[in-house]
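Asker: Note that the numbering used here has the sequence shown beginning at 15, numbered continuously upward. Even for Gly, the Cβ is constructed at its ideal location relative to N, Cα and C. Fair warning: this is a prediction, and the values are worked out from it, not measured in the lab.
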Amino acid sequence: GVDLGEPAEAGFKYMVVSSISALMVLFAVGIFYGQYDLLNFAALANVIKYSQLDKIALGILVPVLAMKAGAVPMHMWTPDAYSEAPAPISMILVAASQASLYALFRVTFSLYNITLNTLAVGWIIIIFGLLSMFIGVTMAIIQKDIKRLMAYHAISQTGYMFLGVGVGLAVLANPVALNQYGITAMEGGIFHIMNHAMYKGLLFLTAGALFFRTGTKNLDKMGGLAHSMKYTTIFFIIGAAAIAGLPPFNGFASKLLIYESVYRFNPL
């Protein structure tokens, strides 16, 4: 029979995280609306005064959006939700989490100002990004469940996008560095958001096809499927090559922009 314990636990975790993050975002937006009567980011950027309340709202938005995106250390819901959901729903969850990352870009680059010590905030986001990359890949290596492996790898990809935000924010007060590589970091991060939604969605769909055919998500029991599932195998290889950043696939272009800007920011 089907074990309902793990899917129910995964659904509950996702519900709790989504509810908390949505309420906190609404609270932060309410602070801005209560002071300025505006909801438009561009208009708000022109009138924001960076009062104590504004700083509280901005301080709330970044970690909450990071939690919704599944970044370390707020990633506890991601492996369960992605691995237990049906493949098409996993694909939608990936796309939905990318919306949180885009919101993070909009908030940081529209509303943050050099008066807010953006270097420190940028470095905090960079550290979260590096932790997400390292922990995501490390946990993915030891997985036997194909969808759980992909879920941890999604966490590592979130780290790349955080590097784009962090580097761009860290050099916001330095116009020369911002023009040389800060904007490139931001562009690479946004490009990677779109790329990740596409290739990770493809990989989750192929994993769903494999599960539908074999009845298992255990990688050790999936040998020899290339002969009987040729097209699925081809699409899986395309998705894997893209996520690995191999040219000429889309993951290569966005990762190259991020690598280049991070190296110019700090070669270490």
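Taking 6 angstroms as the cut-off, is the CB of Ala267 close to at least one heavy atom of the ligand ADP?
Answerer: Because no ligand of any kind appears in the structure shown, any question about the ligand ADP cannot be addressed here.
Asker: Could you tell me the alpha carbon to alpha carbon distance between Gly203 and Tyr273, rounded to whole angstroms?
Answerer: If I take the Cα positions, the gap works out to 10 angstroms.
Asker: Just mark Glu20 as buried or exposed, buried being the case when its beta carbon has 16 or more other beta carbons within 10 Å.
Answerer: Classification for Glu20: exposed.
Asker: Could you tell me which uninterrupted alpha helix (DSSP H) segments, each at least 4 residues in length, are contained entirely in the region 93-166, listed from first to last along the chain?
Answerer: Runs of the alpha helix (DSSP H) inside the region 93-166: 101-125 and 132-155.
Asker: Within the same chain, show all residues whose beta-carbon is closer than 7 angstroms to that of Leu107, passing over the 5 residues directly before and after it, in chain order.
Answerer: So the list reads Ala95, Tyr96 and Ala99, once near-sequence residues are dropped.
Asker: Which class does Asn54 belong to by DSSP, given the choice of helix, strand or coil?
Answerer: Here Asn54 sits in coil by DSSP.
Asker: With DSSP collapsed to three states, give me the class of Ile70.
Answerer: Ile70 falls in the helix class under three-state DSSP.
Asker: Across which residues does DSSP place Asn232 in a beta bridge pair?
Answerer: Answer by DSSP bridge pairing, in chain order: Asp159.
Asker: Taking the straight line between their C-alpha atoms, what separation do you get for Ala256 and Phe249?
Answerer: Cα-Cα distance, rounded: 11 angstroms.
Asker: Among Ser170, Ala42, Ile141 and Met236, which residue has its Cα nearest to the Cα of Val121?
Answerer: Selected option, being the one with the closest Cα: Ala42.
Asker: To the nearest angstrom, report how far apart Val276 and Ser114 are at their CA atoms.
Answerer: Looking at the two C-alpha atoms, the distance is approximately 22 angstroms.
Asker: Please report how far the alpha carbon of Gly48 lies from the alpha carbon of Ile62, in whole angstroms.
Answerer: Computed Cα separation, rounded: 12 angstroms.
Asker: Once you ignore the five residues that flank Phe119 on each side, which residues in its own chain have a CB closer than 7 angstroms to its CB?
Answerer: Hits under 7 angstroms: Val179, Met200, Gly203 and Ile204.
Asker: Within this structure, are the beta carbons of Thr220 and Ile169 separated by less than 7 angstroms?
Answerer: No, they are not a contact pair.
Asker: So, with DSSP's three-state summary, where would you put Asn188?
Answerer: Of the three classes helix, strand and coil, the one that applies to Asn188 here is coil, per DSSP.
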